[in-house]
Amino acid sequence: MAKDDLLDIVDENDNIVGRDTRENVHAKGLLHREIHIWFITPDGKMIFQHRAKDKDTYPDKLDATVGGHVDLGMNYNDTAIKEMLEETGIHCDMKNLYPLRLMHSTSIDADRNIINKTIRMQYGYIYRGDINSLKVEKGKAVGFESWPIDKIFNLTDDEKKRFIPLIYSNEFLSLFRELEKLVR
1 MAKDDLLDIV DENDNIVGRD TRENVHAKGL LHREIHIWFI TPDGKMIFQH RAKDKDTYPD
61 KLDATVGGHV DLGMNYNDTA IKEMLEETGI HCDMKNLYPL RLMHSTSIDA DRNIINKTIR
121 MQYGYIYRGD INSLKVEKGK AVGFESWPID KIFNLTDDEK KRFIPLIYSN EFLSLFRELE
181 KLVR
C-alpha cells in the first residue's frame with residue numbers, strides 16, 4: 001500500500017491515534033485532518049473550485065478554492081502550501097496565508113456513501129490575479145468561478161444546489177464574514 005493511500009486518524013483534540021486508508025477513513029467516518037484555502041479578491045469576490053464530475057465526494061459542485069487531506073508526516077501549514085501549488089499553480093508561503101480557524105465538521109455524501117469527518121484548518125488568501133491564470137488540477141477540477149461574497153450570504157435554493165452543502169451552513173457563513181474582513 002502506498003503511503004499516499006494512508007491518512008492519520010486523530011482524536012477530538014487533534015492527536016494522532018492511528019492510520020487507515022482514505023477509503024476506510026471515509027467509509028467509517030473516521031476523524032482526520034484537512035485544509036481549506038478560501039481565495040478572496042480585493043474587490044470582495046470569492047473564488048470557488050468547480051469539482052470534477054467524477055470526484056468521489058460532491059462531484060460537479062463548487063467548493064473551497066483549495067482543499068486537501070493532510071498527508072502523513074505533514075502539518076496543516078505544509079499541506080496548505082503544497083495543495084495551493086497543486087490546485088492553483090501558485091507558489092505561496094505562510095506570510096501570505098491568513099489562518100482563520102480550526103473547524104470540526106462532518107459531511108455526509110449519501111449518494112456516494114461517504115462520511116467526511118474532519119478537523120480542518122481554514123485559511124484565507126487575498127488573490128490579486130486573473131481567475132483565468134489559475135492552474136486547474138487535471139482530474140480534480142474543471143475550473144474556478146468567482147462570486148461576490150455578499151451573494152454567498154443570500155443564495156437562492158437553485159444556487160445552493162451548485163455548492164457543497166457546507167458552503168451555506170451557518171458555521172461556514174460565519175467563517176466567510178472573517179474572510180471578508182481581509183479585504184474590507
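In our numbering, the protein residues as written are 1 to 184.
Even glycine gets a Cβ: it sits at the ideal position worked out from N, Cα and C.
Exercise. Per DSSP, what kind of secondary structure is ALA110 in: helix, strand or coil?
Worked result: Residue numbering aside, residue 110 sits at position 110 when the sequence shown is read from its first letter. Coil.
Problem set entry | Whole-angstrom distance between ASP43 and GLU87, CA atom to CA atom | Counting from one through the sequence shown, the residue named residue 87 turns up at place 87. Counting from one through the sequence shown, the residue named residue 43 turns up at place 43. Computed Cα separation, rounded: 23 Å.
Problem set entry | Alpha-carbon spacing of ASP5 relative to THR21, whole angstroms | Translated into the one-based positions of the sequence shown, residue 5 becomes position 5. Translated into the one-based positions of the sequence shown, residue 21 becomes position 21. The straight-line gap from Cα to Cα measures roughly 5 Å.
Exercise. In terms of residues, what are the limits of the alpha helix (DSSP H) holding HIS91?
Worked result: Taking the first residue of the sequence shown as 1, we reach residue 91 at position 91. Segment: none, HIS91 is in no alpha helix (DSSP H) and carries neither H nor E.
For this session: Mark ALA110 as exposed unless 16 or more other C-beta atoms lie within 10 angstroms of its C-beta, in which case mark it buried.
Result: Here the question's residue 110 lines up with position 110 in the sequence shown. It is exposed - the Cβ of ALA110 has fewer than 16 other Cβ atoms within 10 Å.
Problem set entry | Boundaries of the beta strand (DSSP E) in which LYS45 is found, first to last residue | Within the sequence shown, residue 45 is the residue found at index 45, counting from 1. First-last of the beta strand (DSSP E) with LYS45: 45-51.
For this session: Please look up how many angstroms separate the CB atoms of CYS92 and ILE108, rounded, as I've assumed it's under 8 Å.
Result: Residue numbering aside, residue 92 sits at position 92 when the sequence shown is read from its first letter. Residue numbering aside, residue 108 sits at position 108 when the sequence shown is read from its first letter. So it is not a contact: roughly 32 Å between Cβ atoms.
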